[in-house]
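Engineer: What the sequence shown shows, in the working numbering, is residues 105 to 711, in sequence order.
Cβ atoms here follow ideal geometry from the backbone N, Cα and C, with glycine treated the same way.
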Amino acid sequence: MSVLAFALFATSALAAFVAWRIRRAATVPGSGAFYCLMLAVGAWCATSGFHGVVDSLDAKLLWAKIQYGAIASVPPLWFLFAAEYGDVTWAAQYRAKAALWIVPVLTMLAAWTNSWHGALWPSVTLDAAGVAVYGHGWWFWVAAAYNYVLVLVGAALFIRALRNTPPPFRSQWMALIAAALVPLAGNAAYISGLTVPGLDPTPIAFTVSGLLFIRALHRDRLFELIPVARDTVIEGLSDAVIVLDASRRVLDMNAAARAIAGHPAHWAGKPVGSLIPVLRDVSLDVVSDWSTTLTYERRGDVRFFDVRVIRVRTRRGRAAASVMVLRDISEQLKAEAERAALAARVQEQQKRESLSVLAGGLAHDFNNLLTGIVGNADLLSLHIPPSSDMGHSVGAILLGAQRAADLVDKMLAYAGERHGSIERVDLHALVGDMVDLMRASAARHCTLDYEGQSAVLEADATQIRQVVMNLIINAADVVNERGRIVVKVGIEHLNGQQLGAVECADDAVPADYGFVEVEDNGPGMDSATIARIFQPFFTTKPTGHGLGLAAVQGIVHGHRGALRVRSAVGTGSTFRVWFPLAPAIPEGAPPPPQSAQSRTSAPLRTR
């Protein structure tokens, strides 16, 4: 075996080793094409070795035809490897890949049918040393030109990617480019006739390529650490990145920034304020750790952005450009607001529970004291003659005790302790009676209207009356002589989202509810007042004790209902409370007693 043939077989083995070495990197971009490329190179070198070993012309022609299968495959495989490794998107299309193989397939067919047309080898002769000398036909030059274009374009793709590659990875690209250009130079020397006639140094040059590949595999970790171009990283960022010149004109912007600007067709060179108006007044003369939060509204969508500006300077320290980074923090702010609201609700619930325990304890102790006061006052009244002046004093004691008992009842209601019997109550009938009573007393100076429909509850009728009375009295106290109060009763289904948006619905569950709504056209309340109206002893009245709405909240909580307040300064106030409906009565069962007879209609009644 000649030294040349041995070198060719050794190069073939080297190519096979490189292919085996990268077989584990099947998921890395370009690894499949590179694996096939190394196999094709190995086949080229092996067939060249057999071509040099055999003696007869017919045997050499047979190996030359087999050899052309590998020769024609190497350039397109090299191009595919360069395109995939360099992330060239258009080369990944199926049609582009199929088009690459048209000329190689025709070259293989031309090699096997050359005896008919001679387009590849017009003549083949053996010289005195037994070396086959091939003449070059017209198709040979077509195939050679095509192969050179593929190899050079692949190298150009690597060179282009090299410019945007981080410095630690540049040795990978340089090794790949050198590994492609060395065989190309050997083949160019063969075609131009600068080598010994009949000797093609291209397969031998692949020995150098194989050594370069092995170096890149072991030293530069080829197919283990895959470089990603900086422009690809920036384009894929979820944060918006905008590069500006000293005149605030846009030099570059990634996909996220273009989305914020509404995907403009032309943006290069335009002022950033014309594309994203909220950035018009953002200063560029800032330090690197400076940031600000901006609100941007576009087509009804309000977003919040954390904006940072980074100055890009030349090696001499002069400002070359500014990089503006916008991070969408809308969801973060929303989550923080929800956490703050939840913490406030938890804190309010804990405070209400603490006050409930305090109010319940005080009410029970105070009630025990009142029992002794009333009992002793009754005994004293039995021993006083009717004509005695002390009777008025005893009456004052009993009247004060009764008023104190009313306060005790409100404190117990706020604590959620229900007293009395739970029965089926027609909310429409009960509220209608209360409206008739209040129209003649607390609401004599204004208009009190009522409309409703039947809604049967299982509740403490006395406490429901207390809720309605407190709401109507509060509304009557804030309206003037031309004021109007509207009371409504109805049935409404509340889901989880609606229950989460009301002021009081701790134990309520999604279901059908009967509601009472009291609406007035008074002066209304600001948000600070609304936040405190249910606190015990808070009042806006000169003579109020601040337990009315606290008792309403306690009664609603005790009935596992819900409560909502809607008010603003100058627009009046609307209070709506919901109570769970009573379960339906099975057919044939006798109707249970009700605290008020159901009304057959729901008229609008006025004073």
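#1: If we ignore side chains and look at the alpha-carbon of each, how far apart do HIS240 and LEU316 end up?
#2: Using only alpha-carbon positions, find the residue among ALA109, VAL406 and PRO179 that is nearest to HIS155.
#3: Please state if the CB of ALA344 and the CB of LEU437 are separated by a distance shorter than 8 Å.
#4: What first and last residue would you give for the beta strand (DSSP E) that runs through LEU531?
#5: So for GLU442, helix, strand or coil by DSSP?
#6: Thinking THR61 and TYR172 are a contact (beta carbons under 8 Å), I'd like their distance in whole angstroms, please.
#7: Looking at C-alpha atoms only, which residue of VAL386, ILE501, MET357 and THR396 is the closest neighbour of LYS374?
#8: Can you list, in chain order, the stretches of the beta strand (DSSP E) that have 3 or more residues and sit fully within the stretch 536-620?
#9: Taking all protein chains shown into account, decide if GLN701 is buried (16 or more other Cβ within 10 angstroms of its Cβ) or exposed.
#10: Could I get the ranges of all uninterrupted alpha helix (DSSP H) runs contained in the stretch 157-205, with 4 residues as the minimum, in chain order?
#11: Secondary structure at PRO305, three-state DSSP: helix, strand or coil?
#12: Count Cβ pairs between the stretch 214-228 and the stretch 158-173 that sit closer than 8 Å; are there 3 or more?
#13: Go to TRP220, then tell me how far its alpha helix (DSSP H) extends in each direction, as first and last residue.
#14: Straight-line CA distance for SER671 to GLY495?
#15: With a threshold of 16 other CB atoms inside 10 Å of the CB of TRP124, please say whether the residue is buried or exposed.
#16: Out of ASP611, LEU341, GLU596 and LEU261, which one is the CA nearest neighbour of GLY618?
#17: Let me know if ARG543 comes out buried or exposed under the rule of 16 or more other beta-carbons within 10 Å of its beta-carbon.
#18: For the structure I just gave you, are there three or more beta carbon pairs, one from the stretch 636-652 and one from the stretch 533-540, closer than 8 Å?
#19: For the 8 Å Cβ check, are there 3 or more pairs between the stretch 605-625 and the stretch 570-589?
#20: Could you check what DSSP says for ALA425 in three-state terms: helix, strand or coil?
#21: Compare the Cα-Cα distances from HIS549 to each of ARG588, GLU555, GLY556 and THR566 and report the closest residue.
#22: Using DSSP with H/G/I as helix, E/B as strand and the rest coil, what is SER713?
#23: To the nearest angstrom, how far is it from the Cα of TRP713 to the Cα of LEU288?
#24: Taking only three categories from DSSP, how would you classify THR229?
Structural biologist: Taking the coordinates as given:
#1: Within the sequence shown, residue 240 is the residue found at index 136, counting from 1. Within the sequence shown, residue 316 is the residue found at index 212, counting from 1. Whole-angstrom Cα-Cα distance: 31 Å.
#2: Numbered from 1 along the sequence shown, position 51 holds the residue referred to as residue 155. For the residues ALA109, VAL406 and PRO179, the minimum Cα distance to HIS155 belongs to ALA109.
#3: Translated into the one-based positions of the sequence shown, residue 437 becomes position 333. Translated into the one-based positions of the sequence shown, residue 344 becomes position 240. It is not a contact, given that the beta carbons lie outside the stated cut-off.
#4: Here residue 531 is taken as the residue at index 427 of the sequence shown, counted from 1. First-last for LEU531: 531-543, but that is the alpha helix (DSSP H), not the beta strand (DSSP E).
#5: Here residue 442 refers to the residue found at position 338 when the sequence shown is read from its first residue. If DSSP states are grouped into helix, strand and coil, GLU442 belongs with the helices.
#6: Residue 61 falls outside the range modelled here, since the chain spans only 105 to 711, and no answer is possible.
#7: The residue given as residue 374 occupies position 270 in the sequence shown. Of VAL386, ILE501, MET357 and THR396, the residue nearest in Cα terms is MET357.
#8: 551-556, 560-563 and 588-598
#9: Taking the first residue of the sequence shown as 1, we reach residue 701 at position 597. With a pLDDT of 41 at GLN701, under the threshold of 50, the modelled position of this residue cannot be trusted; read the value that follows with caution. The residue in question, GLN701, is exposed, as its Cβ has fewer than 16 Cβ neighbours within 10 Å.
#10: 161-189 and 198-204
#11: Locating residue 305 in the sequence shown gives position 201, counting from the first residue. Looking at PRO305 - three-state DSSP - the assignment turns out to be coil, as it is neither helix nor strand.
#12: yes
#13: Residue numbering aside, residue 220 sits at position 116 when the sequence shown is read from its first letter. Unbroken alpha helix (DSSP H) run through TRP220: 218-221.
#14: Indexing the sequence shown from 1 puts residue 671 at position 567. Indexing the sequence shown from 1 puts residue 495 at position 391. So the alpha carbons of these two residues sit roughly 48 Å apart.
#15: Sequence index remark: in the sequence shown, residue 124 carries index 20 (1-based). That one is exposed.
#16: On the sequence shown, residue 618 is found 514 positions in, with the first residue counted as 1. Of the listed residues, the one whose Cα sits closest to GLY618 is GLU596.
#17: Counted from its first residue, the sequence shown places residue 543 at position 439. So ARG543 ends up on the buried side.
#18: no
#19: yes
#20: Here the question's residue 425 lines up with position 321 in the sequence shown. Strand, per DSSP.
#21: Taking the sequence shown and counting its residues from 1, the one referred to as residue 549 is at position 445. Closest option to HIS549, Cα to Cα, is ARG588.
#22: Residue coverage of the chain in this structure runs from 105 to 711, which leaves residue 713 outside it and unanswerable.
#23: Here the chain has residues from 105 to 711 only, and residue 713 is not among them.
#24: To locate residue 229, count along the sequence shown from 1; it is residue 125. DSSP places THR229 in strand when its eight states are reduced to three.
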